[in-house]
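One gets our numbering by counting positions in the sequence shown from 1 and adding 385 to each.
In what follows, a structure is listed as structure tokens, so that the remarks can point back to it.
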Amino acid sequence: MTVSVDHLHYLDRHLLGGGDANRGMALWVPSQRICLHVIEAPTAPQRKWAELIPWILEDRILQPVDEMHFVLGESFSEEGQKQLRVSVVSKQDMREWLRIADNAGVAATAMVPDYLALPFEPGRISMAWREGQFLVRSDTDSGFSAAPDLAWLLVRRLFERADIAPRLSISIPDADLIPEDLRDAADVNDAEIDWQFANMPISANLLTGEFRPQTAEISSSSWLSTAALLVLAIVLGFGYLQLSNIRLEQAVLELETQAGADFSNLFIGKRAKAEDVRSSGELLMADMFKQRESLQAPVMKALTALDPIMTNCGCELETLVASESGVSLELKNVASGKVRATTLPGFKVDLKAADGVTTLTLRKGSQR
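Following this line, the structure appears as structure tokens:
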């Protein structure tokens, strides 16, 4: 809801379209319908002030207490006494102002006395002309609205009560309306109040108690809607997370099954748990590399080279001695011509036969 500021009497200059209906606005209201009282702050606990103050002011107001709306301002100290400002306005006026705003398609979010639209500066009294009345602001939240004769009288009294004469600033279309005794000491101009851009002190808002705007309920409803959407988003997010976890678990299971199958294909006859595939594979690969290194040893090459000599010899192997320097074999029952001396790269071959035993010796040759 868009919130703007203007005077209650100028709502007709806002052309509200379909999308702007019942838009929120903070409103300046006529100060002449509002009475500002300064009283000594009650000694009772502050939570009870709202109940006590209407009866404290009963003798000062002309209408029944039940028909008046009381708005408590901020307390302040004066001459060692705690003082309190209380704005009093008829409930009938409050209802009438709300009705005017509603007829203009506006939801009032705040109502503030229009004398507070005048600029404030310590040691200065500000006055502004508005439709035959003077608005006067003499302090942070003190002021009034009155007809010219009464306004001049009250301003003079403010001068008399001040220890140091305040400066006077007057915005008026005709300077001749200012009394001579005040004209010479006043800063006079013809500026008009810009209600839409004047600084509005929300602390002076009259919409309290039974006149509190419904925006709080709207905000509460909006908050509940937002909270409901947040809860829904969390539930949906949790559900999506659960589905993602299930899919991830299925993908992991498939990968484990594939890894186990690949392991069995690579290492025939071997199996390993999914979590042990890597470590088991590394151990088996290490063993295979060691076997490969062993097969590349010279002695193993020599034994491999003897395979053609020993094939179909019809003999019996009596002993076999292998060392780094060579290999020695003793064979029995060697048929004539079945085992012959041969040449093996890197080895010297010696063949001897004695007492029915044939000795085949391969010695590692020297490297050049």
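The beta carbon of each residue, even a glycine, is placed where N, CA and C say it ideally should be.
Quick caveat, the model's predicted, so the values are computed rather than measured.
Have a look at PRO558, ALA429 and VAL497 and flag the residue whose alpha-carbon is nearest the alpha-carbon of HIS392. Within the sequence shown, the letter at position 7 stands for residue 392. Considering only alpha carbons, the answer is VAL497.
Quick check on HIS399: does DSSP put it in helix, strand or coil? If you number the sequence shown from 1, residue 399 lands on position 14. Residue state, collapsed to three classes: coil.
Terminal residues of the continuous alpha helix (DSSP H) containing GLN417? For the purposes of this step, residue 417 is taken as the residue at position 32 of the sequence shown. Here GLN417 belongs to no alpha helix (DSSP H), and DSSP marks it neither H nor E.
Mind checking SER523: buried by the 16 CB within 10 Å criterion, or exposed? Counting from 1 along the sequence shown, the entry for residue 523 is found at position 138. Flag for SER523 reads buried.
Measuring alpha carbon to alpha carbon, tell me which residue in GLY594, HIS422, GLN676 and ALA426 is nearest ASP444. Here residue 444 refers to the residue found at position 59 of the sequence shown. Minimum Cα distance to ASP444 is reached at HIS422.
May I ask you to report which of helix, strand or coil DSSP gives GLY731? Within the sequence shown, the letter at position 346 stands for residue 731. Three-state result, GLY731: coil.
Beta-carbon within less than 6 Å of ALA560's beta-carbon, same chain only, minus the 5 sequence neighbours each way: which residues are those? Translated into positions along the sequence shown, residue 560 becomes position 175. The answer, listed in chain order, is VAL573.
Which ranges does the beta strand (DSSP E) cover as unbroken runs of at least 3 residues, wholly within the region 498-543, from first to last along the chain? 509-515, 518-522 and 528-531
Grouping DSSP H, G and I as helix and E and B as strand, with all else coil, what is ALA601? Mapped onto the sequence shown, residue 601 falls at position 216. Note that ALA601 scores 45 on pLDDT, short of 50, meaning its location in the model is unreliable; the coordinates nonetheless yield the value given after this. Reduced to three states, the DSSP call for ALA601 is helix.
Residues that DSSP places opposite LEU469 in a beta bridge: For the purposes of this step, residue 469 is taken as residue 84 along the sequence shown, with counting starting at 1. In DSSP, LEU469 forms a bridge with ILE424 and SER460.
When the Cα atoms are used, what is the spatial distance from THR525 to PHE505? Looking up residue 525 in the sequence shown gives position 140. Looking up residue 505 in the sequence shown gives position 120. In a straight line, the C-alpha of THR525 is about 7 Å away from that of PHE505.
Only counting the same chain, and skipping five residues up and downstream in sequence, which positions put a Cβ closer than 6 Å to that of ILE603? For this step, residue 603 is matched to residue 218 along the sequence shown. Summary for ILE603: the model assigns pLDDT 47, below 50, so the residue's position carries little reliability, and this model does not support an answer.
Thinking C-alpha only, which one of ALA739, ARG541 and SER713 is nearest LYS749? In the sequence shown, residue 749 corresponds to position 364, counting from 1. Nearest option by C-alpha distance: SER713.
Please report the Cβ distance between ILE438 and VAL471, rounded to the nearest whole angstrom; I am assuming they are in contact, meaning their Cβ atoms lie under 8 Å. Within the sequence shown, the letter at position 53 stands for residue 438. Within the sequence shown, the letter at position 86 stands for residue 471. Indeed, because the Cβ distance is near 6 Å, the residues count as touching under 8 Å.
Would you tell me roughly how many angstroms separate the C-alpha atoms of GLU595 and VAL456, rounded to the nearest one? Residue mapping note: residue 595 aligns to position 210 of the sequence shown, counting from 1. Residue mapping note: residue 456 aligns to position 71 of the sequence shown, counting from 1. Computed Cα separation, rounded: 11 Å.
Measuring alpha carbon to alpha carbon, tell me which residue in GLU703, HIS454, SER708 and LYS655 is nearest THR744. As a position in the sequence shown, residue 744 is number 359, starting the count at 1. If we check each option's Cα against that of THR744, GLU703 comes out closest.
Those residues which DSSP pairs with THR744 across a bridge: Here residue 744 refers to the residue found at position 359 of the sequence shown. DSSP output for THR744 lists GLU715 and LYS737 as bridge partner(s).
How would you label ASN590, buried or exposed, when you count the other beta carbons within 10 angstroms and need 16 or more for buried? Here residue 590 corresponds to residue number 205 of the sequence shown, with the count starting at 1. Result: buried.
Output the distance between the C-alpha atoms of GLN466 and LEU535, rounded to the nearest integer angstrom. What you label residue 466 is simply residue 81 of the sequence shown in a count that begins at 1. What you label residue 535 is simply residue 150 of the sequence shown in a count that begins at 1. Cα-Cα distance, rounded: 29 Å.
Distance between ALA682 and LYS717 (C-alpha atoms, nearest Å): Your numbering for residue 717 matches position 332 in the sequence shown. Your numbering for residue 682 matches position 297 in the sequence shown. Distance between the alpha carbons of LYS717 and ALA682: 28 Å.
Between ILE578 and ALA571, is the Cβ-Cβ spacing less than 8 Å? As a working note, residue 578 is residue 193 in the sequence shown. As a working note, residue 571 is residue 186 in the sequence shown. Going by C-beta atoms, ILE578 is not nearer than 8 Å to ALA571.
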